[in-house]
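Q: Protein chains in written order, with this note's numbering: chain A, 45 to 267; chain B, 5 to 55.
Ideal Cβ positions, reconstructed from N, Cα and C, are used throughout, including at glycine.
Just so it is clear, the structure is predicted and the values come from calculations on it, not from any experiment.
Here's a structure for you.
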Amino acid sequence: MSAPQPAVPAEGGWTGAIRRQIARRLPLEELLPTHQPDYVRSWVYLFGAITIAALIWVVASGVVLAFFGPQWWHHSSVGRFFNSLHFWGVQVFFVFMVLHLWTQFWAAGWRDGRGPTWVIGVVTFLVSVVAGFTGYISQQNFAAQWIAVNAKDAVNATGMGAIFNPLNFGQAYGIHVALLPVAVVLLVAVHIALVRMKGIVRPIGAPEPGVPDAPAADTGVSA
Amino acid sequence: MDSPAQYLHWGFILLSVPNLVVIGLMLGLFGAALIVPFPTRNGPKSREQKQ
C-alpha cells in the first residue's frame with residue numbers, strides 16, 4: 045500500500061521521531077481509507093469487522109454487568125437481559141473470529157510481510173479463550189461452580205498448582221473484568237493498525253491493485 | 005435446556021449435537037460468504053473494472 049507521505053519536519057527528539065515513524069508507517073489515509081481494492085468486494089471480508097462489532101458489544105454489556113453485580117444480573121429481568129447480551133455477544137465474537145481465521149488461513153493472510161498480523165491474531169484468539177473461560181466461571185451459578193471444580197483439577201494437573209485457582213471467584217472475576225478485556229482490546233487495536241499499515245492481503249494469484257499485468261507474488265512468506 | 009446434550013461418538017471424537025449444529029452453521033455461512041455476490045452501489049461492476 046503506497047500513499048502520499050506527509051511532510052513532517054525532522055525535529056523534536058524522541059517524541060518527534062515517534063511522530064514521524066507513525067506518520068510514515070500509518071498515515072491517516074491508510075488508517076481511515078475511503079477505497080479498498082476490488083478483491084475486497086466479498087462477504088468474507090466482513091467476518092473481521094463483525095468480530096470487532098461483537099467485541100464492542102461484549103465490552104459495553106460487560107461494563108453494565110460489572111457496575112450492577114451478580115445479584116442484579118441473576119435476579120432482575122433487565123439484569124438477565126444484559127447477561128444474555130453479554131453471553132450471546134461472546135458467541136457471535138467467537139463464531140466470527142473463527143470464520144475470520146478460516147478466511148485468512150485459506151487466503152494465506154500472512155504473506156508479504158503480514159506475519160506479525162497473523163501472529164497477533166492467533167494470540168488474540170488464545171487470550172480470548174482464557175477471557176471466555178474466566179467469564180464462564182464468574183457467572184455465580186451452578187454451571188460456573190461445576191466448570192470451576194473441574195477446571196481446578198485440570199489447572200492443577202498442568203503443574204501450575206493454585207497460582208490460578210478457578211474456584212477463587214475474586215481472582216477469576218478480577219482477571220476477567222480488569223486484565224483480559226484490556227489485553228484483548230489492545231491486541232485487536234494493534235491487529236487493526238497492522239492490517240491498515242500493510243493493507244488487506246491480495247487473493248492468491250491476484251495481480252497487485254492498479255497493476256493489472258504485474259506478476260502475482262503469491263506463494264510463501266516474505267518479509 | 006436443562007437436560008444434558010446428546011453426544012456423538014466416533015472413535016476418539018466426542019462431539020455434542022449442539023456443537024455439531026454450530027459447526028455446520030459456520031461452514032454453511034462460510035460457503036455462502038464465498039458464493040453469494042457482494043452488492044455494490046455502482047452495480048455488479050466495480051469502479052476499477054469500469055475504467
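1) Counting only beta-carbon atoms, is A:G56 nearer than 7 Å to chain B?
2) Taking CB distances under 7 Å as the criterion, tell me whether A:S266 reaches chain B.
3) Can you check DSSP and say which residues form a bridge with B:Y11?
4) Thinking A:F208 and A:G176 are a contact (beta carbons under 8 Å), I'd like their distance in whole angstroms, please.
5) Exposed or buried, what is A:H119 when buried is set at 16 or more other beta-carbons lying within 10 Å of its beta-carbon?
6) Spell out whether any CB of chain B is found under 7 Å from the CB atom of A:L223.
7) If you draw a straight line from the alpha carbon of A:W87 to that of A:R240, how long is it in whole angstroms?
8) Could you confirm whether any beta carbon from chain A is found closer than 7 Å to the beta carbon of B:F16?
9) Mapping DSSP to helix, strand and coil, what is B:V40?
10) Quick test of your reading: A:G133 and A:V102, contact by CB under 8 Å. State the CB separation rounded to the nearest angstrom.
11) Where does A:W58 land, buried or exposed, given buried means 16+ other C-beta within 10 angstroms?
12) Can you find a CB in chain B that lies within less than 7 Å of the CB of A:S120?
13) Do you know offhand how far A:M204's Cα is from A:L211's?
14) What residues in the stretch 73-86 of chain A bring their beta carbon closer than 7 Å to a beta carbon of chain B?
15) In the DSSP assignment, the alpha helix (DSSP H) including A:W154 goes from what residue to what residue?
16) Let me see if you follow: with CB-CB separation under 7 Å, is A:P174 close to chain B or not?
A: This is what the structure gives:
1) Interface annotation, A:G56: not in contact with chain B, CB-CB separation never under 7 Å.
2) Note that A:S266 has pLDDT 40, beneath the 50 cutoff, so the model's placement of it is unreliable and the number below is only indicative. Residue-level contact check: A:S266 does not touch chain B, since none of the beta carbons of chain B fall below 7 Å from its beta carbon.
3) B:Y11 is bridged to B:S20.
4) Contact doesn't hold; Cβ gap of about 15 Å is too wide.
5) So A:H119 ends up on the exposed side.
6) Chain B contact via Cβ: absent.
7) Whole-angstrom Cα-Cα distance: 19 Å.
8) Under the Cβ criterion of 7 Å, B:F16 is not counted among the residues facing chain A.
9) Here B:V40 carries a coil assignment [DSSP, helix/strand/coil].
10) Right, their Cβ atoms sit about 4 Å apart.
11) Per the 10 Å Cβ criterion, exposed.
12) No, its Cβ sits nowhere closer than 7 Å to a Cβ of chain B.
13) Cα to Cα, A:M204 sits roughly 14 Å from A:L211.
14) Sequence-ordered contacts of the stretch 73-86 of chain A with chain B read D82, R85 and S86 [C-beta pairs closer than 7 Å].
15) That residue, A:W154, is in no alpha helix (DSSP H); it is neither H nor E in DSSP.
16) Per the sequence shown, the amino acid found at residue 174 of chain A is Val instead of Pro. No, because no Cβ of chain B sits closer than 7 Å to the Cβ of A:V174.
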